[in-house]
Structures are given as C-alpha cells and as structure tokens.
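Colleague: I'd like to ask some things about the structure below.
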Amino acid sequence: METERQLLDAILGGDGKAMRRLYDRFSGYTMAIALRYVPDRDDARDVLQDSFVKILTSIQTFDYRGEGSLKNWVARIVANRAIDWIKEHERVTMISQIPEETTDEGVPDVDEVPPDILDQMIGRLPAGCRMVLNLYVFGQLSHKDIAQRLGIKEHSSASQFFHAKKLLKEMISDYLNSQKR
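Here the sequence shown is numbered in the working numbering, starting from 121 and rising by one per residue.
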C-alpha cells in the first residue's frame with residue numbers, strides 16, 4: 121500500500137490520479153466523522169465534498185510529520201467543516217449551567233449497543249451537545265480548547281458535555297431495556 125508520504129509527493133507532483141487515491145483512501149473514514157457531527161447523510165456528503173475541495177486546494181500547505189499526520193489533518197478539516205456547517209444550518213443552544221449532581225452512577229454498558237445505533241443516538245443529541253461530545257471524545261480536545269474552537273466559555277463546554285452524557289445515558293438505557301423485552 122502507498123504510504124502517506126508517497127501519496128502526498130504524487131499529489132504535489134501534479135498526479136491527478138493521486139488526488140483520487142487520497143479521496144478513495146480517506147472518504148469512508150471521513151464520512152464517519154462527518155456523520156458524527158451532521159447526522160443527515162445528504163448533509164454529511166455536502167460537508168465531505170466541501171472538505172475535500174478545501175483539502176485538495178490547500179494540500180500544498182500541509183506539513184508532513186510522519187505516517188498518520190495526513191490522515192489526522194484530513195480528519196481535522198472534515199470535523200471543522202462539519203462544525204461550521206452546524207453553525208450555519210442548525211440552531212445551536214449552549215447550556216452553561218452544570219447541575220450540582222454530576223455523578224456517573226448507573227452508567228449503562230455502552231459495549232452492548234451496536235456502533236451504528238450509538239452513532240444514531242449521538243446524531244439525535246442537540247447540536248451543541250453533539251459538537252462538544254465529538255470534540256471531547258473523538259477529537260480529544262480539552263474543554264479549554266473546545267471553548268476556543270466554538271467561541272464559548274470553558275464551563276459551557278463542560279456543561280454541554282455533561283448534558284450530552286446524560287442524554288446518551290437515557291437513550292442507551294431505553295435501548296437496552298427495549299432489547300430485553
């Protein structure tokens with residue numbers, strides 16, 4: 121299999137087919153990222169298309185730092201474009217108050233939920249909760265970094281994450297209970 125360095129060199133060398141190979145290599149992975157933020161498949165395709173236009177027009181600015189760095193750069197562009205899409209198309213309400221009760225007692229076993237069902241649950245979260253959850257869990261950003269990225273306060277990020285976990289816990293419990301019947 122072609123390494124990221126070889127693929128990048130081919131693209132920078134003007135190989136048009138290499139651009140297609142970049143798309144083919146990362147489109148499935150990046151579609152999964154887009155769908156975590158933008159649950160409607162048609163909208164996620166739009167995000168993906170916009171992302172790859174940006175990727176291919178700015179790839180000359182990419183700073184290769186070893187195998188995996190291209191994949192991470194592509195993923196970051198898709199996540200950022202998905203967040204921008206949400207801000208443009210969805211009503212985003214940020215909750216900035218964390219309830220005093222913040223224990224995780226009785227957390228259902230998420231391993232019993234198929235990944236596609238879990239993705240659907242995440243897709244049903246309010247936009248603010250969905251963005252923060254994805255950035256925190258999948259993007260591995262701190263609440264400080266999330267706050268900077270979204271233009272909110274750090275405690276708003278923590279609050280959104282708390283509410284996302286609470287809502288997911290309820291959805292997972294409901295799902296598991298329905299499976300027992």
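Idealized CB from N, CA, C, for every residue including glycine. Computed from a predicted model, the values in this text were never measured in an experiment.
Fully enclosed by the region 220-266, which alpha helix (DSSP H) runs are 4 residues long or longer?
Modeller: 235-243, 247-253
Colleague: DSSP three-state label for Ile179, please.
Modeller: Ile179: helix per DSSP, three-state reduction.
Colleague: Closest by CA to Leu168, which one among Arg196, Gln268, Asp183, Thr123?
Modeller: Arg196
Colleague: Thinking just about the alpha-carbon of each residue, which of Ile206, Leu190, Ser277 is nearest to the one in Asp163?
Modeller: Ile206
Colleague: Mapping the DSSP letters down to three states, classify Thr150 as helix, strand or coil.
Modeller: Thr150: helix per DSSP, three-state reduction.
Colleague: Quick one, which of Ala267, Lys285, Ala130, Glu274 has its alpha-carbon nearest Met241's?
Modeller: Sorting Ala267, Lys285, Ala130, Glu274 by C-alpha distance to the C-alpha of Met241 places Lys285 at the top.
Colleague: Taking Glu208 and Leu296 to be in contact with their CB atoms under 8 Å, please state how far apart those CB atoms are, rounded to whole angstroms.
Modeller: That pair is no contact at about 35 Å.
Colleague: In angstroms, rounded to a whole number, what distance separates the CA positions of Ser279 and Ala199?
Modeller: 21 Å
Colleague: Please report the residue range of the alpha helix (DSSP H) in which Val198 lies.
Modeller: From DSSP, the alpha helix (DSSP H) with Val198 extends over 189-209.
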